[in-house]
Amino acid sequence: IQRAIMAGDKETGVMVMQMDEGLDTGPVLLAERTEIGPQETAGSLHDRLSQTGASLMVRALAALSRGGLVPSPQPEEGVTYAKKIEKAEARIDWSRPARELDCIIRGLTPFPGAFFEAGEGKDKTRIKVLRAKPVAKSGKPGEGLSA
Numbered sequence: 126i127q128r129a130i131m132a133g134d135k136e137t138g139v140m141v142m143q144m145d146e147g148l149d150t151g152p153v154l155l156a157e158r159t160e161i162g163p164q165e166t167a168g169s170l171h172d173r174l175s176q177t178g179a180s181l182m183v184r185a186l187a188a189l190s191r192g193g194l195v196p197s198p199q200p201e202e203g204v205t206y207a208k209k210i211e212k213a214e215a216r217i218d219w220s221r222p223a224r225e226l227d228c229i230i231r232g233l234t235p236f237p238g239a240f241f242e243a244g245e246g247k248d249k250t251r252i253k254v255l256r257a258k259p260v261a262k263s264g265k266p267g268e269g270l271s272a
């Protein structure tokens, strides 16, 4: 969920799959795609996908009891692995384009939360950014353009 938003993906989904020896490699029994909203955070998408997943599982169990599910193999090409998010990735790099920062902030909200630090020494304060919106202005990296 987080990596999809951070990458700027436009859609994601939920699958019910048959287990096999690999990591998420078993055949697909049911799948449902959904659009990732332009302001959607990892938290809100997680909640929405959990509801979709529960509904999909109920449908899969009902179809399975009737013998109506046909496993479909997953493709071997085009598969990506979403690696664990490292704490260092949550630090905002103000030199990145605004659109990328928006995706990163939304993908890391609410956990672990994107942040930056202001001040120096013992006055340094960590500021967690929960929401951001690109604006149609330009400036130097790190320069605030709108609040």
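Note that my numbering has the sequence shown beginning at 126, numbered continuously upward.
Even for Gly, the Cβ is constructed at its ideal location relative to N, Cα and C.
Inset, instruction - Answer yes or no: do residue 208 and residue 158 have a C-beta to C-beta separation smaller than 9 Å? - result: Against the sequence shown, residue 208 aligns to sequence position 83. Against the sequence shown, residue 158 aligns to sequence position 33. No, the Cβ-Cβ distance between residue 208 and residue 158 is not below 9 Å.
Inset, instruction - Assuming residue 258 contacts residue 227 (C-beta within less than 8 Å), just tell me the rounded distance between them. - result: Against the sequence shown, residue 258 aligns to sequence position 133. Against the sequence shown, residue 227 aligns to sequence position 102. Confirmed, Cβ separation roughly 7 Å.
Inset, instruction - Determine the direct distance from the alpha carbon of residue 181 to that of residue 152, and round the result to whole angstroms. - result: Counting from one through the sequence shown, the residue named residue 152 turns up at place 27. Counting from one through the sequence shown, the residue named residue 181 turns up at place 56. Distance between residue 152 and residue 181, taken at the CA atoms: about 15 Å.
Inset, instruction - For residue 140, write down the residues that DSSP places opposite it in a beta bridge. - result: What you label residue 140 is simply residue 15 of the sequence shown in a count that begins at 1. Paired residues: 156.
Inset, instruction - Buried or exposed for residue 136, please, with buried defined as at least 16 other CB atoms from any protein chain shown within 10 angstroms of its CB. - result: In the sequence shown, residue 136 corresponds to position 11, counting from 1. Label assigned to residue 136: exposed.
Legend entry - residue 177 - containing alpha helix (DSSP H), residue span: For the purposes of this step, residue 177 is taken as the residue at position 52 of the sequence shown. DSSP places residue 177 inside the alpha helix (DSSP H), whose first and last residues are 167-190.
Legend entry - Neighbourhood of residue 355 by C-beta, 8 Å cutoff - its chain only, sequence neighbours within 5 removed: In the structure displayed, the chain extends from 126 to 272; residue 355 sits before or after that span and is not available.
Legend entry - Between the CA atoms of residue 198 and residue 145 - distance to the nearest angstrom: By one-based count along the sequence shown, residue 145 stands at place 20. By one-based count along the sequence shown, residue 198 stands at place 73. Rounded to the nearest angstrom, the two C-alpha atoms are 11 Å apart.
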